[in-house]
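Here is the structure we will look at.
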C-alpha cells in the first residue's frame, strides 16, 4: 500500500532504514519500484539500519507482551 501511494504521489526519492525481506515492497518479496512504472523513485536504504531494526523489534515485542498479558 505504501509503495502504491509513493508511486501515485510521484515522490522522487525514498529513504528507509530497515529492509523487510518477508513483506517489503522495496527489495523484499517484490520490488515495486523496479517494475515498469513511470517515474520510479530513487531509493536510499539502510539509513540508521541498526536503530530502525531495534525500534521495530521493540515495537513487535511490545505487541507480543500486550497480547500475552491480555489473555
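Residue numbers (the working numbering): 87 to 157.
Glycine is no exception: its CB is placed at the ideal position from the N, C-alpha and C atoms.
All values derive from a computational prediction rather than experimental measurement.
### Task
Pull up the distance between the alpha-carbon of residue 118 and that of residue 157, whole angstroms please.
38 Å
### Among 94, 104 and 89, nearest to residue 138 - alpha-carbon criterion
104
### Task
For residue 94, I'd like the list of residues in its chain whose CB is within less than 6 Å of its CB, leaving aside the five on either flank, ordered along the chain.
none
### Message
I'd like to check one pair, residue 99 with residue 128: are the Cβ atoms closer than 9 Å?
### Response
yes
### Query
Between residue 119 and chain B, is there a C-beta pair that is closer than 9 Å?
You won't find chain B in this structure, because it holds only one protein chain.
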